[in-house]
Amino acid sequence: MQLQGRVVVVTGGASGLGASLTRAFADVGSHVVVADRDAAAALDLVTELREQGRAATKCRCDVTDEDDLSRLVSVADGLGGVHVLVNNAGGWGGSPEQYPDAPAEDWSAVLDLNLRAPMRLLQLALAGMRARGEGAVVNVASSAGIESSAYGSPPYAVAKAGLVRLTTSLAGLTDEGIRVSCVVPGWIGLPRAYAEWAAMAPDERERGPDLVPPELVADEVVRLVREDTAAGTVVELLDGSHRRVVQPDR
Ligand SMILES: NC(=O)c1ccc[n+]([C@@H]2O[C@H](COP(=O)([O-])OP(=O)(O)OC[C@H]3O[C@@H](n4cnc5c(N)ncnc54)[C@H](O)[C@@H]3O)[C@@H](O)[C@H]2O)c1
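The UniProt record's numbering puts the sequence shown at residues 1 to 250.
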């Protein structure tokens with residue numbers, strides 16, 4: 001897909017990996033809708049991009065809120081429609097009490113943010129994509145969703161595994177010109193990660209994977225959209241140097 005002038009919605013696009021995604025799409029000439037519940041951070045990034053002559057629009061949006069999602073799609077429709085959706089908002093907050101000990105509303109909220117919200121937004125964006133006969137969705141999963149070891153937040157791992165399977169199970173949308181793909185990053189080299197990394201014991205650091213630069217993930221996401229990669233493709237970026245592409249079965 002040619003990305004110049006196309007409308008790209010990045011959820012959680014104001015900071016963290018989302019900011020790298022926003023910058024990467026703005027750099028190739030897309031109009032990025034920065035959809036984030038942190039309105040101030042979204043405004044800061046949009047202002048910075050506009051000062052650089054890039055096209056960007058902020059939209060305050062909590063992706064777990066149905067009305068916010070509808071408004072987000074309306075904002076994008078006003079700019080020409082959602083040509084590309086990047087389902088990036090996610091996380092689990094590191095709460096010490098986790099499933100099966102956490103209250104149901106706590107772990108349900110993790111499933112809502114990391115799985116239900118991307119599924120719902122994809123559904124809302126699909127109508128316009130179908131009408132145009134073209135569209136791309138990239139889901140941001142996590143190594144937590146493909147590992148087989150114990151994990152601190154089981155609902156987060158379950159939700160991210162679900163995103164990977166959502167991607168492959170929607171490969172059939174390619175018949176309508178819509179390609180859903182997915183990136184699976186390991187631990188991303190954001191400032192927060194470097195602080196945690198620095199606090200680790202040397203042997204712990206030695207055992208852990210290398211951090212994945214956020215720009216590497218963002219470039220991969222742009223490539224998945226721009227190069228019309230096969231629908232259902234999942235790209236694992238588990239450290240800074242290994243890239244594994246998993247193509248769907250035919
Ligand atoms: N950080 C990592 O090491 C890592 C590793 C693998 C996968 N991931 C995934 O990458 C994505 C981005 O991670 P990150 O660490 O940059 O996230 P983050 O916690 O830094 O948050 C990024 C942005 O998302 C926004 N956000 C959070 N909840 C939101 C909501 N309900 N609605 C709208 N916006 C919301 C925040 O305001 C923030 O601007 C997530 O899906 C995460 O699961 C992260």
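All residues carry an ideal CB built from backbone N, CA and C; glycine is no exception.
Everything numeric in this text was worked out from a predicted model, so none of it was measured.
Within the region 64 to 121, the complete beta strand (DSSP E) runs of at least 3 residues fall at 84 to 87.
For Val183, the shortest C-beta to heavy atom distance toward ligand 1 is 6 Å or greater. For Tyr194 and Tyr151, the gap between their C-alpha atoms comes out near 20 Å.
Tyr99 and Asp106 have their C-alpha atoms some 9 Å from each other. Taken from the Cβ of Thr57, every heavy atom of ligand 1 lies 6 Å or farther away.
Annotation for Pro191: the continuous alpha helix (DSSP H) segment containing it runs Pro191 to Ala199. Per DSSP, Ser169 is one residue of the alpha helix (DSSP H) stretching across Pro154 to Ser169. Contact check for Leu45 against Ala24 fails: the beta carbons are separated by 7 Å or more. Distances between the C-beta of Ile178 and the heavy atoms of ligand 1 are all 6 Å or more. Contact check for Cys182 against Val158 fails: the beta carbons are separated by 7 Å or more.
Per DSSP, the unbroken alpha helix (DSSP H) holding Val225 starts and ends at Pro214 to Arg226. For Met129, the CB contacts under 6 Å within the same chain, skipping 5 residues up- and downstream, are Gly135 and Ile178 in chain order. By the C-beta criterion, the region 39 to 55 is judged not to be in contact with the region 220 to 228, since fewer than 3 inter-stretch pairs fall below 8 Å. If you draw a straight line from the Cα of Arg37 to the Cα of Leu115, it comes to about 17 Å. In this structure, Pro191 sits away from Leu237, with a CB-CB distance that is not shorter than 7 Å. Going by DSSP, Asp203 is part of the alpha helix (DSSP H) stretching over Pro202 to Arg207. One residue after another in chain order, those with a Cβ under 6 Å from a heavy atom of ligand 1 are Thr11, Gly12, Ala14, Ser15, Gly16, Leu17, Gly18, Asp36, Arg37, Asp38, Ala41, Cys61, Asp62, Val63, Thr64, Asn88, Ala89, Gly90, Gly91, Leu113, Val140, Ser142, Pro185, Trp187, Ile188, Leu190 and Ala193.
Put simply, of Pro214, Ala199 and Ala230 the residue whose alpha carbon is nearest the alpha carbon of Gly240 is Pro214. Closest by C-alpha distance to Ser142, out of Pro202, Ser95 and Ser153, is Ser153.
Beyond the five residues adjoining it in sequence on each side, Gly5 comes within less than 6 Å, by CB distance, of no other residue in the same chain. Between Ala102 and Ala144, the alpha-carbon positions lie close to 19 Å from each other.
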